[in-house]
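Data first, discussion second: the structure below is written as structure tokens.
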Amino acid sequence: MKLVFRLVVLAVLGALGFWLWTVLFPSPEKIVLKKISQLAAYATIHNGEGNISRAGKASNVVSAFANDAEISFDVEGVGAKTLSGRDEIHDATMAGFMSLTSLSVQFLDPIARVGADKQSAEVTCTARVTAGDSKNFGIQQLHFQFKKLDGDWRITRAETVKSLQ
Amino acid sequence: MRILVLVVVCFVVFKFILLPIRVSGISMEPTYHNHAVNCVNRLAYLRHEPQRGDVVAIRFAAEDSFSTPSEMLMKRIIGLPGETVWFHGGHVYINGQLLDEPYLKNPCDWEHEAIQCGTNQYYVVGDNRSMPFTYHTQGRAYREQIMGKLFL
């Protein structure tokens, strides 16, 4: 009985140790998925949120990108546009935040793939965006490219993906 | 015990066989209205391939064909693999032949050049063609993207 108890304690400690290891030393997949989740949170603004808070969130959005990052989107009914560099991304984000009463961004079903060199990664996900008080939302598949720059994962390219050919 | 069995059966049925969905958007009007509730039969194409006229649920990414996505497209199949789909004068022509579409209720004036489906592709489009062509999500979906047929 004592042996069984000791084995159970050992198994629990082993599981706890493994869990702690994954928390303290997360895999690159987990890190980039967390970055994507953070980006969605930064890109979400609530009704009544002040301009200072919005400016702060815009800076947070931009900080997820590399200096020479590029955002390329082509949305049905909206058109195609490319943003190059952090300045353009910041200006476009601020313009969007200031013109909307609220914005809800979710990145659903993300799939991360890390390169063999562990220095680059790709994430595909489905963006669900609700602007203002609208009950309807837009859906768009997105593809992100990440690179590990100065020890931190940053987005080097984000683009829309056509789900139907 | 009965409750446990019921819970397990419900979980299996509604997770893997009949996937509950909520329609969002107007692209399938008037056949399916915005906010309507329906189910996707994931076993519909076990014995045969998708047919023309079927309303299907389409996953966004073809590569992840096992998991259940949070969002799906709901469209009607009008073009089968290898066929050419052409919109002219608001009508659909399949390999040059006019397609009879009794489910369409709204006027349509779409014009678009002919599109050839690949050997593993289906042309899908919504029933609401009163909206401009460029605003309407449509095109060729790979077979792997088709999750199942609408149940109701």
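Residue numbers (the working numbering), protein chains in the order written: chain A, 4 to 168; chain B, 425 to 576. Each residue gets a CB set at the ideal place from its N, CA and C atoms; glycine is no exception. All of these numbers come straight from a predicted model, not from anything done at the bench.
Cutoff 6 angstroms; reference residue i; Cβ partners in own chain excluding five residues on either side
i	result
A:S123	K150
B:Q540	T508
B:I502	V516, Y547 and V549
A:F100	I48, R57 and A61
B:L523	V516
A:S87	E73
A:N63	Y45
A:L36	P113 and A115
A:V164	Q144 and H146
A:T85	S75
Counterpart residues of residue i in DSSP-defined beta bridges
i	result
A:Y45	In DSSP, A:Y45 forms no bridge with anything.
A:H146	A:T127 and A:E162
A:T25	According to DSSP, A:T25 bridges with nothing at all.
B:V509	B:I518 and B:I539
B:C463	B:P444
A:Q109	A:R131
A:W156	A:K151
A:L86	A:I74
B:Y559	B:Y559 is not bridged to any residue.
B:A565	B:Y546
B:K573	B:N465 and B:V480
B:I501	B:V548
Residue-level contact to chain A via CB, residue i, 8 angstroms cutoff
i	result
B:P493	yes
B:T455	no
B:A485	yes
B:G506	no
B:V548	yes
B:R500	no
B:A565	yes
B:Q562	yes
B:G449	yes
B:Y559	yes
B:L497	yes
Whether residue i touches residue j by CB criterion (8 angstroms)
i	j	result
A:K38	A:A67	yes
A:V132	A:T96	no
A:I142	A:T127	no
A:A69	A:L152	yes
A:T129	A:A72	no
A:A43	A:Q109	yes
B:A565	A:L167	yes
A:E79	B:T558	yes
B:F575	B:L467	no
B:N614	B:M452	The requested residue 614 of chain B does not occur in the structure, where chain B is confined to residues 425 to 576.
B:T561	B:L497	yes
A:D77	A:A83	yes
Close beta carbons around residue i, own chain, < 7 angstroms, minus the five adjacent residues each side
i	result
B:A460	V447
B:S554	N530, P531 and C532
A:I34	W156
B:F438	P444
Cβ of residue i within 8 angstroms of any chain B Cβ
i	result
A:Q168	yes
A:Q144	yes
A:E91	no
A:F140	yes
A:R9	no
A:L111	yes
A:T129	yes
A:G135	no
A:E32	no
A:G80	yes
Other residues of its chain near residue i: CB distance less than 8 angstroms, five sequence neighbours each side excluded
i	result
B:Y469	I570, G572 and K573
A:K121	P31 and K151
B:E495	F484
A:D136	N50, T104 and S105
A:L111	C128, T129, A130 and R131
B:H472	none
Proximity test, Cβ basis, 8 angstroms: residue i and chain E
i	result
B:T543	Among the protein chains in the structure shown, which are A and B, there is no chain E.
Supposed close pair residue i, residue j - CB separation, criterion 8 angstroms
i	j	result
B:I450	B:N462	Rounded, the Cβ-Cβ distance is 15 angstroms, inconsistent with contact.
B:P505	B:Q545	6 angstroms
B:W577	B:G520	Outside the modelled stretch of chain B, which goes from 425 to 576, sits residue 577 of chain B, for which no answer is possible.
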